[in-house]
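Novice: Before anything else, here's the structure in question.
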Amino acid sequence: MDFHIRDGSQPQTDPSENALQSPFQCLHFSLWNRYITNGDDAPTHIHPHDMARLDVSRTNYSQRLPYPSRDTLQHQQLYRNIQSSFEELFQWIEQVIKKCLPREYDVLVELAQDLPGGYVSPVSPFLSLVVNLNVSTMGHRDRFDKDLCLVLPIGEFLGGALAMFEQRLVVELRNGDFMLFQSASTTHFNLHYEGKRASLVCHTDRGFEQWKEGRNGWGSNNYFN
C-alpha cells in the first residue's frame with residue numbers, strides 16, 4: 592500500500608455537504624483499551640479463557656487485554672514505513688513534551704508502561720497515531736482521549752488552521768508545526784485549505800486508566816502474569 596497525500600488544491604466546500612460524496616482518508620494505528628471484558632467479579636482460581644460471561648450471547652476473549660486497531664493489523668508494512676520515516680521526529684517531540692510539560696508527560700508515559708508483550712509505543716508518550724489525508728473536520732471532541740492530543744500537519748498547503756472553540760483560538764499551523772491541547776474537553780476542527788495536506792495525530796485512549804489500576808480487573812487472577 593503506497594503512502595501519499597491526496598491533492599486538495601481545489602477550493603473545498605462545507606465538509607457537511609461533501610461528507611457522503613468524498614469521505615476523507617484516515618488510518619488509525621492505535622492501541623485500544625475500551626469496551627474491554629472486565630474481570631473484577633470473576634473467580635481468581637480459573638483461567639480467564641475457561642470463563643464466559645452470562646449476560647451476553649458471546650464472550651469477547653480478545654479484549655481482556657489492550658488490543659491493536661484494525662488498521663494496525665491490516666497495514667502493518669505501511670505502519671512500519673511511517674515509524675521508520677518519522678522516528679527521529681517522534682523522538683524529538685517526546686523530548687520537547689518531557690521538558691515543557693513534565694507533569695502531563697509523566698501521566699501519559701505511566702499509562703504506556705508495562706504493556707502486554709513488552710510493547711513500546713513508537714509515538715511515546717502517546718499510544719496511538721492517526722494519519723489523516725485530505726481532511727477538513729467538523730467541530731468535535733474526542734471523548735475517549737486521555738488528557739492531551741497532538742496534531743502535526745505535513746505537506747504543501749495554505750490554510751487548514753486549527754480552531755478551538757472554547758478558547759476562541761485559531762492557530763495557523765505550518766508544515767512541521769505541532770500543537771498540544773485537551774481534545775476531550777475542547778471543541779476543535781481545522782479550516783479549509785488549498786494544496787496537499789496530511790496530519791499526524793497522537794493520543795492515548797483514556798481506557799488505559801483501567802489497565803494501570805488493575806489490569807482490567809484481571810490483575811488478581813492466579814494465572815495472570
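The sequence shown begins at 592 in this note's numbering and counts up by one. Beta carbons are placed, not taken as given, at the ideal position from N, Cα and C, and that holds for glycine. Since we're looking at a predicted model, the values are computed, not measured.
1. Could you check the C-alpha separation between residue 755 and residue 642 for me, to the nearest Å?
2. Would you give the residue range spanned by the alpha helix (DSSP H) that residue 805 belongs to?
3. What distance in whole Å lies between the Cβ atoms of residue 786 and residue 749, which are believed to be in contact at a cut-off of 8 Å?
4. In the DSSP output, what is residue 723 paired with across the bridge?
5. Using a 10 Å radius around the Cβ and a threshold of 16 neighbouring Cβ atoms, would you call residue 626 buried or exposed?
6. So, for residue 758: in the same chain, excluding its five sequence neighbours on each side, which residues have a beta-carbon less than 6 Å away from its beta-carbon?
7. Throw me the rounded Cβ distance for the residue 721 and residue 619 pair, which I believe falls under 8 Å.
8. What would DSSP say about residue 639, mapped onto helix, strand or coil?
9. Leaving aside the five residues before and after residue 739 along the sequence, list all residues of the same chain whose C-beta is less than 6 Å from its C-beta, in chain order.
10. Would you mind sorting residue 793 into buried or exposed? The rule is 16 or more other CB atoms within 10 Å of its CB.
11. Does the Cβ-Cβ distance between residue 724 and residue 795 come in under 8 Å?
12. Confirm, please, whether the CB-CB distance from residue 649 to residue 630 is below 8 Å.
13. Go through its chain and collect everything with a Cβ distance to residue 765's Cβ below 7 Å, but skip five positions before and after it.
14. Straight-line CA distance for residue 612 to residue 751?
15. Within a Cβ cutoff of 6 Å, which residues of the same chain sit near residue 687, ignoring the five residues on either side of it in sequence?
16. Name, in chain order, the residues that DSSP records as bridge partners for residue 623.
17. Suppose you measure from the CA of residue 662 to the CA of residue 638; what does that come to, to the nearest Å?
18. Which value, in whole angstroms, describes the spacing of the CA atoms of residue 652 and residue 706?
19. Sorted by chain position, which residues of the same chain lie with C-beta nearer than 7 Å to residue 598's C-beta, five sequence neighbours on each side aside?
Specialist: Looking at the coordinates:
1. 46 Å
2. 799-805
3. 6 Å
4. 617 and 790
5. exposed
6. none
7. 5 Å
8. helix
9. 695 and 771
10. buried
11. no
12. no
13. none
14. Unreliable positioning characterises residue 612 in this predicted model, as indicated by a pLDDT of 45, which lies under 50. The coordinate reading is nonetheless provided below. Cα to Cα, residue 612 sits roughly 20 Å from residue 751.
15. none
16. 658
17. 30 Å
18. 17 Å
19. Low confidence applies here, because residue 598 scores a pLDDT of 41, under 50, leaving its location unreliable and the question unanswered by this model.
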